[in-house]
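J.:
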Amino acid sequence: MEVETKTRVAGSIEGLKELLDKIESGKKSKPDWIRMRGKCRIDRLELKERSELLKRIHASVLRGFKAKNIEIKNTQERLAFWQSVAQSGFHDFSELGWMKAYDSPFIESYDYIQAYLDGGLDDLDPYAVYRAVLGTFDFTVEDFIATELCSNVRTIVEPMAGTSDFTYQGHFHYPDFRFMMIDLDATAKETVLAQNWLEGTEKHYMVANVLEEAVWSKAKSITTGESLAYIGKQSHHMLDAKQLFKLMELATQHIDYLMLEAPQLASVTEMGGTDDMTRPEMKDAGFESELVEDPDGAPNPFTNLMHFNLISSDEDGERQIFPYRDWTVWSQPILVTLARLLDLNVFYYHSELSEFVPVEEEWDDCDVEQNVTFMIFTRRDVELRDFRD
């Protein structure tokens, strides 16, 4: 089921302020989005006025604002505008618009650029750079819970969690759910638990190896309702075939649904070389970010194995943000084959239908060649209605 959102429109700054007055007074409900059109140009406001207005917008929307009318040609002014919005609690790492965590009361700064301006490449926050260029913000817990398949899920497990973006963003929409995060990185745990969490949220972060059965037994013990575990493509591709097989076996024995994100369906030989990930604010600040193939890292068409790094660079040098040695592209057909060996049922998220559908179905309009795929593996026997009707 597609998630429905409400958008309110402002055609001028005066109209925007009037709209905010009505929302703040309770005369109008808080919309998901505010769309700015025509003369409603927040980029033309002085910094103090813009910051004050953005603070009001943050408290008056569920998701964020959209403003395609912004046009700044001067590099320094464009960067200053981006920083002022990012520092006011909105990021543009999604195609949807300038976003905040769903209905979050916390104004969190998404400005990772100032650290670079202050101290160069060495001061860049690697997790912040990763979020900006490789994070998945267009899909959240909400999208998957809204499906028929996962409608009864009440526990979210995030193995190989790192900074736990999936869980953290999801808890704002479902503060009554239970959340469990697992990672080997103790520093990541400290980073995650130091964030602003809604009071009363039941969260657990284990520094542990997801290939150990005791970890999944722990996950099962905290489960309420059905459970959904999610692993992004940057994580499970670091496992070799035996490890991934064991992970799928253990996870599906203890939780209801295991969801893995897979890259666009393509030949692995098309994924080598250098991939420019530089965002506009990076370019304006004076550095670039790229996925760069190692000298010995050309994709192997027989094993789908490749070696590369996420690197940020400027005129003074470069810095490795994250290494991806022994990264195996676990494509959709491979994942289905592993699932078949484990007698698992397999579904994929059809973005046009906003539902999970069986992989056995032939869908001419699926977008696995253009976008990442979210695949669910389960031991449960599930019968879903035909969403083509």
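For the sequence shown, our numbering assigns the number 2 to the initial residue and increments by one for each residue that follows.
Glycine is no exception: its CB is placed at the ideal position from the N, C-alpha and C atoms.
(1) With DSSP collapsed to three states, give me the class of LYS69.
(2) Between ASP344 and ALA230, what straight-line distance do the alpha-carbon atoms span, to the nearest angstrom?
(3) Pull up the CB-CB distance for LYS40 and SER13, whole angstroms please, since I reckon it's below 8 Å.
(4) Does the separation of the CB atoms of SER313 and SER332 fall below 7 Å?
(5) Can you check which of these residues, SER236, GLN77 and TRP217, is closest to ARG326 by C-alpha distance?
(6) With burial defined as no fewer than 16 other Cβ atoms inside 10 Å of the residue's Cβ, what is the status of THR253: buried or exposed?
(7) Could you have a look at GLY16 and say whether DSSP puts it in helix, strand or coil?
(8) Excluding the 5 residues flanking LEU259 on each side, which residues of the same chain have their C-beta closer than 6 Å to its C-beta?
(9) Can you tell me which of the three DSSP states TYR117 falls into?
(10) Which first and last residues belong to the alpha helix (DSSP H) in which GLY171 is found?
(11) Go through the segment 286-340 residue by residue and report every complete run of the alpha helix (DSSP H) that reaches 4 residues or more, in order.
(12) What three-state label does DSSP hand SER228 in the structure shown?
(13) Tell me which residues share the same chain as GLU109 and place their Cβ nearer than 7 Å to its Cβ, disregarding the 5 neighbours each side in the sequence.
(14) Exposed or buried, SER26, counting other C-beta atoms within 10 Å across all chains shown (16 or more means buried)?
(15) Hey, could you find the ends of the alpha helix (DSSP H) PRO106 is sitting in?
(16) Based on the DSSP secondary-structure assignment, which residues constitute the bridge partners of TYR258?
(17) How would you call ASP166, buried or exposed, if buried means at least 16 neighbouring beta carbons within 10 angstroms?
(18) Relative to the C-alpha of VAL62, which residue among SER95, ILE24 and PHE94 is closest?
(19) LEU342: buried (16+ other C-beta within 10 angstroms of its C-beta) or exposed?
(20) Is the beta carbon of LEU17 less than 7 Å from the beta carbon of ARG57?
(21) Is it right to say PRO302 is buried, meaning 16 or more other beta carbons lie within 10 angstroms of its own, or is it exposed?
(22) What are the boundary residues of the beta strand (DSSP E) that includes PHE375?
(23) Could you check whether THR225 and THR156 sit closer than 7 Å to each other, using their CB atoms as the reference points?
(24) Have a look at ASP257 and LEU212 and give me their C-alpha separation to the nearest angstrom.
(25) Using only alpha-carbon positions, find the residue among THR374, ASN346 and HIS351 that is nearest to ASP382.
(26) When the distance is taken between beta carbons, is LEU125 closer than 7 Å to TYR131?
T.: On the basis of the coordinates in this document:
(1) In this structure, LYS69 counts as coil in the three-state DSSP scheme.
(2) Each residue's Cα considered, the two are about 18 Å apart.
(3) That pair is a contact at about 5 Å.
(4) For SER313 and SER332, no; Cβs fall outside 7 Å.
(5) Nearest option by C-alpha distance: SER236.
(6) Under this definition THR253 is a buried residue.
(7) Here GLY16 sits in helix by DSSP.
(8) Cβ within range, chain order: ALA230, ALA252, THR253 and PHE378.
(9) In the three-state reduction of the DSSP assignment, TYR117 falls in the helix class.
(10) 166-174 is the span of the alpha helix (DSSP H), which, as asked, contains GLY171.
(11) Here no run is fully enclosed.
(12) Reduced to three states, the DSSP call for SER228 is strand.
(13) Closer than 7 Å at Cβ, skipping near neighbours: GLY90 and ASN197.
(14) In this structure SER26 is exposed. Its beta-carbon is surrounded by fewer than 16 other beta-carbon atoms within 10 angstroms.
(15) First-last for PRO106: undefined, no H or E at that position.
(16) According to DSSP, which records beta bridges pairwise, TYR258 is partnered with LEU229.
(17) Looking at its Cβ environment, which holds 16 or more other Cβ atoms inside 10 Å, ASP166 is buried.
(18) When only C-alpha atoms are compared, the closest one is ILE24.
(19) Exposed, by the Cβ-count rule.
(20) No.
(21) Exposed: under 16 other Cβ atoms inside 10 Å.
(22) Run containing PHE375: 374-379, per the beta strand (DSSP E) assignment.
(23) The criterion of a C-beta distance shorter than 7 Å is satisfied by THR156 and THR225.
(24) Distance between ASP257 and LEU212, taken at the CA atoms: about 17 Å.
(25) Put simply, of THR374, ASN346 and HIS351 the residue whose alpha carbon is nearest the alpha carbon of ASP382 is ASN346.
(26) No, the Cβ-Cβ distance between TYR131 and LEU125 is not below 7 Å.
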